[in-house]
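The sequence shown lines up with residues 0 to 226 when you count with numbering that gives the first Met the number 0. Built from N, CA and C at the ideal position, the CB exists for glycine as well. This one's a predicted model, so the numbers in the text were calculated from it and none came from an experiment.
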Amino acid sequence: MVKKNNASNKSGNFKTNTIYAGDCIEAMNRLPEGSIDLIFADPPYNLQLGGDLHRPDNSRVDGVDDNWDKFSNFRAYDDFTHDWLKSARRVLKHNGSLWVIGSYHNIFRVGSVLQDLGYWLLNDIVWRKSNPMPNFRGTRFTNAHETLIWCARSKDARYTFNYDAMKNMNDGLQMRSDWTLPLCTGDERLKGEDGNKLHPTQKPESLLYRVIMAATKPGDIVLDPFF
0 MVKKNNASNK
10 SGNFKTNTIY
20 AGDCIEAMNR
30 LPEGSIDLIF
40 ADPPYNLQLG
50 GDLHRPDNSR
60 VDGVDDNWDK
70 FSNFRAYDDF
80 THDWLKSARR
90 VLKHNGSLWV
100 IGSYHNIFRV
110 GSVLQDLGYW
120 LLNDIVWRKS
130 NPMPNFRGTR
140 FTNAHETLIW
150 CARSKDARYT
160 FNYDAMKNMN
170 DGLQMRSDWT
180 LPLCTGDERL
190 KGEDGNKLHP
200 TQKPESLLYR
210 VIMAATKPGD
220 IVLDPFF
């Protein structure tokens, strides 16, 4: 069972299968150096939304308007990105790897910071959504994908890649860098007692399954800084 702990009370070691509540940078700074095999990060997108968005029937779209996704400017977002990626690199094992997912709003800025900090980019993966939300205003193309960047801690890292496992998951063919998977729907979507979704950008288990199967070994430790 997952236990929720205050990260500020944990120093020098940590428990696995545990949620640490707190600022992600402060929490990572309390983890031992070189203790994590894989990091999957779904950071704030910095969507820069202006006003409410409505469907054709005038119902309001429950989008991302939380304070954690609001930054005063691009510089503030870049500074935040630099800080959490620096902390993440410290806790990664030498041969560990990091996956970060984002949209067109932020993923290019994240990629630049990754390279500045010494990460070595391995692939960009396109998650093509089989059931994307349409562009209700009709002013742009339907935003039907997100991008994952997969990178090693450094250029000389001997990272894990389970090539054969990925091939077996793809009918014996080499796994490509474009994955068609649905958004979270139905029972998979976490909801509160009021029926509203608990997380505005919940990712499907099928996406995480591929990431973990591709880049970890049995017994490896996986960290999600933005659970």
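Three-state class that DSSP yields for residue i in the structure shown
i	result
Thr215	coil
Leu197	coil
Ser96	strand
Lys85	helix
Leu182	coil
Leu206	helix
His53	With a pLDDT of 46 at His53, under the threshold of 50, the modelled position of this residue cannot be trusted; read the value that follows with caution. Here His53 sits in strand by DSSP.
Leu46	coil
Asn12	coil
Buried/exposed call for residue i, threshold 16 Cβ in 10 Å
i	result
Pro217	exposed
Gly101	buried
Lys154	exposed
Asp227	Because the chain is modelled from 0 through 226, residue 227 falls outside the range shown and cannot be assessed.
Glu204	exposed
Asn45	buried
Asp36	buried
Met212	exposed
His53	Note that His53 scores 46 on pLDDT, short of 50, meaning its location in the model is unreliable and no value can be drawn from it.
Ala40	buried
Arg88	buried
Ile38	buried
Gly191	exposed
Ser111	exposed
Pro199	exposed
Opening and closing residue of the alpha helix (DSSP H) in which residue i lies
i	result
Ile24	Cys23 to Asn28
Residue range of the unbroken beta strand (DSSP E) whose run includes residue i
i	result
Thr17	Thr17 to Ala20
Ser38	A small fix is needed here, since residue 38 is Ile in this sequence, not Ser. Ile38 -> beta strand (DSSP E) spans Ile35 to Ala40.
Residue i Cβ short of 8 Å to the ligand ZN heavy atom set
i	result
Ile148	The ligand ZN is absent from the structure shown, which contains no ligand whatsoever.
Within the stretch 99 to 178, note down every full beta strand (DSSP E) run reaching 3 residues or more, in order along the chain.
Fully enclosed beta strand (DSSP E) runs of 3 or longer: 119 to 128 and 144 to 151.
Can you confirm whether the stretch 102 to 109 touches the stretch 165 to 173 when touching is taken to mean that 3 or more C-beta pairs between the two stretches lie within less than 8 Å?
no
Count Cβ pairs between the stretch 124 to 142 and the stretch 69 to 76 that sit closer than 8 Å; are there 3 or more?
no
So, do the stretch 80 to 90 and the stretch 108 to 118 have three or more beta carbon pairs nearer to each other than 8 Å?
Short answer: they touch.
Three or more C-beta pairs under 8 Å: does that hold for the stretch 16 to 31 against the stretch 191 to 208?
no
Are at least three pairs of beta-carbons, each pair with one atom in the stretch 171 to 191 and one in the stretch 130 to 144, less than 8 Å apart?
Verdict: yes, contact present.
Counting Cβ pairs closer than 8 Å, one from the stretch 86 to 99 and one from the stretch 140 to 154, do we hit at least three?
yes
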